[in-house]
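Colleague: Take a look at this one; I'll ask things after.
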Amino acid sequence: MELKKILVFALGPIGGAILGFVTLPLITWFFTTEDVGRIAMLNVAIGFSTLFFSLGLDQAYVREYHEANSKPALFKATFLPGFALLTVILLILLSLGGALSKWLLDIDSLLLSVLIASVLISTFIARFLSLILRMNERGLAYSMSQVLPKILLIVIIVSYVFFNTSKNITNLIIANVASTIFICLIFVWNTRKEWLAAVKENIDYIYLQRLLKFGVPLIFGSLAFWGLTATDRVLLKELSTFNELGIYSVAVSFAAAATIFQSVFSTVWIPTVYKWASTGEDLNKIDNVNRYVLLVVIVLFCLAGLFSWLVTLILPSQYKEVQWILIACLGFPLLYTLSETTVIGVNISRRSGFSMVASILAFISNLIGNYYLIPYWGAAGAAVSTCFSFWLFFLLRTEFSIYLWRPIPRVLLYGYTTLLVSGAIGNTLYGDVLGDYFILYWLLLLLSTLAFFKDELNESKLFLIDKLKMKSIKS
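The numbers in the sequence shown follow this note's numbering, run straight up by one, and end at 485.
Here's what the structure looks like:
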């Protein structure tokens, strides 16, 4: 894929993240902390249902797309089994009245259960239709489909305020349902030629079995990774309160700004490194990229440690803890991104089982950590456990890659990540007491990059100067 197309696809995640900074503070000012926590549980359910009921066939669609004799038939074969299973399960749950909303939100309501089911169905449909846009490289349509629902959500929340509508969980979920159905309808319109053609196709059950044979084993690794990222919120609901879950979900949402870096880097990095490996490029390039990514991770952690107090200026007073918790919440996006530069050996060797083992072991670590830390530390305990577990995930992926492929320099890698994770954990647990000391800690860590990453900083400086000179010459 050309760089221009990659950047167009990246507009969606970037635009969505930016709009999220508008949506989140807006919601925190007009809805209770408990309701914010309940929305977090809804998002957990959305993530699980999309992952599990896809049956791995979404990945099979991507894998088989370019080799399929009939792309509409492929779409129908991959979409229909999971959609039918999800529909049946939701109908059974709705026949039990408010059981679905009771389990997720601690509110026994048939209306809320119907709204939740609507979100799950529309998200599932949108997931598969988005694959059509991706595989046809229709980046602008894909990106706009990510951004427009966020705008709609903002408009609905603002209208609630303007018309003095009741600020309760039902109306908050209705806003989310409306934005989710909106994105689904956009995908339905943008892919109408493809799915209308798929309706006319017959399912080849032998072909479907082959697709399931490829897709179903992928579910286990994906579920392990989902557990690693969702255990904190599930156990906060079970072992603590929706208030703590609300505070935690706001911290996670702010930390999700780092996913912009993660998303753009992964989009560009993965095809590039495979190209290097296939053409026999100098593999030292990979080590150089790893150092640059490590530098960015260090800088982002340090900046969060130095300036996290700024979030208190845009959030209500009951979210004061967010400034400490979000530092540990950076562990997921930043350490995951860093691991993408060190796990290459696992991917090149096609030994994906090792990636699944890393996910499972990190998930178990997070499960145990959350179980023991949440009752005592609440949201802070969940953040600490997840941050440590992603550090373990990063270490395991790195060591497995080295075992399967080639050694990489990792003294600086492990040294700095240990300091970052230790600082994030300490800052999250004791930032309100030792805040000034941690400011000094992050400042010294940031300044240390001037010595250990001198070459990278100089190269970056020269690169920027050259670009500015070229721009001035053209103008």
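Where a beta carbon is used, it is the ideal one built from N, C-alpha and C, also for glycine.
The structure displayed is predicted, hence computed values, not measured ones.
With C-beta atoms as the reference, is T347 less than 9 Å away from V299?
Modeller: No.
Colleague: Looking only at its chain, what residues have a beta carbon closer than 7 Å to the beta carbon of Q219, apart from the 5 residues adjacent to it on each side?
Modeller: Cβ within range, chain order: n/a, list empty.
Colleague: Indicate the three-state DSSP secondary structure (helix, strand or coil) for R361 in the structure shown.
Modeller: R361: coil per DSSP, three-state reduction.
Colleague: State yes or no: is the C-beta of I384 within less than 9 Å of the C-beta of L238?
Modeller: Not closer than 9 Å, so no.
Colleague: So what's R202 in DSSP terms, helix, strand or just coil?
Modeller: The answer is helix: DSSP assigns R202 an H, G or I state.
Colleague: Return the residue from the list L115, V443, I296, L90 that minimises the CA-CA distance to W205.
Modeller: Closest by alpha carbon: L90.
Colleague: Span of the alpha helix (DSSP H) holding P523?
Modeller: Beyond the ends of the chain as shown, which are 11 and 485, falls residue 523; an answer cannot be given.
Colleague: Going by C-alpha distance, which of L325, V165, Y382 is nearest F173?
Modeller: Out of L325, V165, Y382, V165 has the C-alpha closest to the C-alpha of F173.
Colleague: Where does I296 land, buried or exposed, given buried means 16+ other C-beta within 10 angstroms?
Modeller: Buried: at least 16 other Cβ atoms inside 10 Å.
Colleague: Label T60 either buried or exposed according to how many other C-beta atoms from any shown protein chain fall within 10 Å of its C-beta, with 16 as the threshold for buried.
Modeller: Buried: at least 16 other Cβ atoms inside 10 Å.
Colleague: Inspect the beta-carbon positions of G441 and W286 and report whether they are closer than 9 Å.
Modeller: Going by C-beta atoms, G441 is not nearer than 9 Å to W286.
Colleague: Using alpha carbons as the reference points, say which of L422, Y381, A55, L36 lies closest to V171.
Modeller: Answer by Cα proximity: L36.
Colleague: Looking at C-alpha atoms only, which residue of L84, E74, S318, S64 is the closest neighbour of L97?
Modeller: A quick correction: the sequence has Thr, not Leu, at residue 97. That would be S64, whose Cα lies nearest to the Cα of T97.
Colleague: Check whether the stretch 21 to 37 touches the stretch 80 to 95, taking contact to mean three or more Cβ pairs, one atom from each stretch, closer than 8 Å.
Modeller: They do not touch, by the three-pair rule.
Colleague: Identify whether F85 lies in helix, strand or coil by the three-state DSSP scheme.
Modeller: The answer is helix: DSSP assigns F85 an H, G or I state.
Colleague: Three-state secondary structure (DSSP) at I213?
Modeller: Residue state, collapsed to three classes: coil.
Colleague: Hey, S123 and L110: beta-carbon distance below 9 Å or not?
Modeller: Cβ atoms of S123 and L110: closer than 9 Å.
Colleague: Could you please give the first and the last residue of the uninterrupted alpha helix (DSSP H) stretch that includes D297?
Modeller: Run containing D297: 294 to 317, per the alpha helix (DSSP H) assignment.
Colleague: When the Cα of V168 is compared with those of Q69, T38, M154, A261, which residue comes out closest?
Modeller: Nearest of Q69, T38, M154, A261 to V168, Cα basis: T38.
Colleague: Three Cβ pairs or more, each shorter than 8 Å: is that satisfied between the stretch 368 to 378 and the stretch 422 to 440?
Modeller: The answer is no - the stretch 422 to 440 does not touch the stretch 368 to 378, with fewer than three Cβ pairs under 8 Å.
Colleague: Tell me the rounded alpha-carbon separation between G231 and L101.
Modeller: About 28 Å.
Colleague: Would you tell me roughly how many angstroms separate the C-alpha atoms of V306 and L453, rounded to the nearest one?
Modeller: The alpha-carbon atoms of V306 and L453 are separated by roughly 15 Å.
Colleague: With DSSP run on the structure shown, which of helix, strand or coil describes L130?
Modeller: Correct three-state label for L130: helix.
Colleague: Over what stretch of residues does the alpha helix (DSSP H) that includes L323 continue unbroken?
Modeller: Run containing L323: none; DSSP gives neither H nor E here.
Colleague: Specify the secondary structure class of E409 as computed by DSSP and reduced to three states.
Modeller: Here E409 sits in helix by DSSP.
Colleague: Mind the definition here: the stretch 404 to 414 touches the stretch 318 to 326 only if three or more C-beta pairs lie below 8 Å; say whether that holds.
Modeller: Cβ pair count under 8 Å is below three, so no.
Colleague: Check this for me: beta carbons of A392 and L336, under 9 Å apart or not?
Modeller: Contact flag unset, no.
Colleague: Taking the beta carbon of M520 as the centre, do at least 16 other beta carbons fall within 10 Å, making it buried, or is it exposed?
Modeller: Examination of residue 520 is not possible in this model, given that the chain is present from 11 through 485 alone.
Colleague: Let me confirm a value: D242 is counted as buried when at least 16 other C-beta atoms fall within 10 Å, else exposed. Which label applies?
Modeller: Buried is the call here.
Colleague: Round the Cβ separation of V32 and G256 to the nearest angstrom and send it over; I've been treating them as touching at under 8 Å.
Modeller: Contact doesn't hold; Cβ gap of about 18 Å is too wide.
Colleague: What would DSSP say about K330, mapped onto helix, strand or coil?
Modeller: If DSSP states are grouped into helix, strand and coil, K330 belongs with coil.
Colleague: Measuring only the C-alpha atoms, how far is V394 from P82?
Modeller: C-alpha separation (whole angstroms): 46 Å.
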